[in-house]
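Number 10 in UniProt numbering belongs to position 10 of the sequence shown; there are no gaps in the numbering. All residues carry an ideal CB built from backbone N, CA and C; glycine is no exception. In this text the structure is predicted, and so the values were computed from the model without any measurement.
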Amino acid sequence: MPMNANDIQRLIEEAIPDAEVTIRDLAGDGDHYAAEVVSEAFRGKSRVAQHQMVYQALKGNMGGELHALALQTSVPPEE
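As structure tokens, then:
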């Protein structure tokens with residue numbers, strides 16, 4: 001059973017509480033999503049480390065219930 005966008009967003013926000021998360025269903029099939037995640041927790045971390053944080057938040061659903069996730073991570077602009 002595919003994951004829905006709300007579940008993906010909830011898992012990420014639970015693991016990265018300050019995250020601003022935007023999820024888009026790319027194919028309309030509930031199986032291919034794009035996620036944009038902005039968090040201060042990413043500051044100073046490599047892109048690979050940022051993506052690993054998001055994948056860990058998904059608790060093993062990547063490749064199973066969640067087939068594909070185009071992921072874009074960034075830190076909020078400094079004020």
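Report the partner residues of Glu20 according to the DSSP bridge assignment. As a working mapping, residue 20 is identified with position 20 in the sequence shown. Note: Glu20 sits in a beta bridge opposite Val38.
8 Å Cβ shell around Glu14 - same chain, five flanking residues per side excluded: Position 14 of the sequence shown holds residue 14. Within the same chain, Glu14 has close Cβ partners Ala57.
Consult DSSP for Ala70 and reduce its assignment to one of helix, strand or coil. Working through the sequence shown from its first residue, we reach residue 70 at position 70. Of the three classes helix, strand and coil, the one that applies to Ala70 here is strand, per DSSP.
DSSP has Tyr33 in a bridge; who is on the other side? Taking the first residue of the sequence shown as 1, we reach residue 33 at position 33. Note: Tyr33 sits in a beta bridge opposite Asp25 and Leu69.
Limits of the unbroken alpha helix (DSSP H) element including residue 92: Absent from the model: residue 92. The displayed extent of the chain is 1 to 79, so no value can be given.
Nearest residue (CA-CA) to Asp25, options Gln50, Asp18 and Glu36: Against the sequence shown, residue 25 aligns to sequence position 25. Residue Glu36 is the option with its Cα nearest to Asp25.
Check the C-beta distance from Gly30 over to Asn4 and give it rounded, since I have them as a contact under 8 Å. Position 30 of the sequence shown, counting from 1, holds the residue named residue 30. Position 4 of the sequence shown, counting from 1, holds the residue named residue 4. Contact flag correct, Cβ pair sits at about 6 Å.
Find out if the Cβ-Cβ distance for the pair Pro76, Glu40 is shorter than 8 Å. The count along the sequence shown starts at 1 and reaches residue 76 at position 76. The count along the sequence shown starts at 1 and reaches residue 40 at position 40. In this structure, Glu40 lies closer than 8 Å to Pro76 by Cβ.
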